[in-house]
Amino acid sequence: MYSPIPVLNELKDLYDSTRDYLADGFELYGYDDKTCFPGELTDPEFLSRLIPIAQANGTGSTYAIWRSSDEPDLTKLPIVVFGDEGGEYVIARDFRDFLRLLGYDVEITVDHDSAYYFRDEDHEHSGSHELFVEWLRRQGLAPAEDPDALIAAAQEIHGERFRAWITPFYEKLGWL
Numbered sequence: 240m241y242s243p244i245p246v247l248n249e250l251k252d253l254y255d256s257t258r259d260y261l262a263d264g265f266e267l268y269g270y271d272d273k274t275c276f277p278g279e280l281t282d283p284e285f286l287s288r289l290i291p292i293a294q295a296n297g298t299g300s301t302y303a304i305w306r307s308s309d310e311p312d313l314t315k316l317p318i319v320v321f322g323d324e325g326g327e328y329v330i331a332r333d334f335r336d337f338l339r340l341l342g343y344d345v346e347i348t349v350d351h352d353s354a355y356y357f358r359d360e361d362h363e364h365s366g367s368h369e370l371f372v373e374w375l376r377r378q379g380l381a382p383a384e385d386p387d388a389l390i391a392a393a394q395e396i397h398g399e400r401f402r403a404w405i406t407p408f409y410e411k412l413g414w415l
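Quick note: the sequence shown, position 135, residue 374 per this note's numbering, numbers continuous.
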């Protein structure tokens, strides 16, 4: 079993069944592989509250489940992104919203001021996009039409609390 999350296991099976990207820049990691975080972030409390699940873009940003509470159903917890050059944000209220964001099929851009998905008019979908959209529909989901709205909703609910949680870890490292 890949993970304790049934829908993530199904996603992994789909991911393994194709050679093309399901979503632009999205590559699953080994479940809960902490090596994706910078080597300085070794605090056990920090690491215990984050479950890395995937590479978010071609430059090494990371998607992770944030254990914002002791909720046993990990699909109900928020998804965060850590930018490869800085910046970290709550981008999805839960796993369902995260899957919808992936369905938009664009790499996320993460910087110190924001995280967003941008798709220009001549964007070509990933090779396995249609296969992923079919899978989403079987999950009762549709790709996000407005990813910024999903990110804004996640930030509204979890953004300040995430910032308050992560700040002491960064302060210890002198990053703030």
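The C-beta atom is built at its ideal place from N, Cα and C for all residues, glycine as well.
Rounded straight-line distance, which links the Cα of residue j to that of residue i
i: L247; j: Y270; result: 9 Å
i: K315; j: S353; result: 23 Å
i: S308; j: E324; result: 27 Å
i: G322; j: F265; result: 14 Å
i: L280; j: L286; result: 8 Å
i: K251; j: A393; result: 24 Å
i: A381; j: Y343; result: 9 Å
i: I396; j: D312; result: 18 Å
i: L341; j: E410; result: 32 Å
i: R332; j: R376; result: 19 Å
i: D361; j: L412; result: 42 Å
i: Y365; j: R258; result: Note on residue identity: the sequence assigns Ser, not Tyr, to residue 365. Answer to the nearest angstrom: the Cα atoms are 11 Å apart.
i: P283; j: Q378; result: 34 Å
i: L338; j: Y254; result: 13 Å
i: W305; j: E373; result: 27 Å
Residue burial classification, residue i (beta-carbon count within 10 angstroms, cutoff 16)
i: T301; result: buried
i: F357; result: exposed
i: E346; result: buried
i: S256; result: exposed
i: E310; result: exposed
i: L415; result: exposed
i: E243; result: In the sequence as displayed, the identity of residue 243 is Pro instead of Glu. So P243 counts as exposed.
i: H368; result: buried
i: A403; result: exposed
i: D263; result: buried
Collapsed DSSP secondary structure at residue i in the structure displayed
i: L415; result: coil
i: P283; result: helix
i: L289; result: strand
i: E346; result: coil
i: F401; result: helix
i: E410; result: helix
i: L261; result: coil
i: E310; result: coil
i: P245; result: helix
Paired residues, beta bridge with residue i - DSSP
i: Y302; result: A293 and V320
i: L338; result: Answer is none; L338 lacks a bridge partner.
i: A331; result: I318
i: L253; result: Paired residues: none, contrary to the question.
i: E266; result: Q294
i: G325; result: D323
### Message
Could you tell me which whole beta strand (DSSP E) segments of length 3 or greater appear in the stretch 349-386?
### Response
354-356
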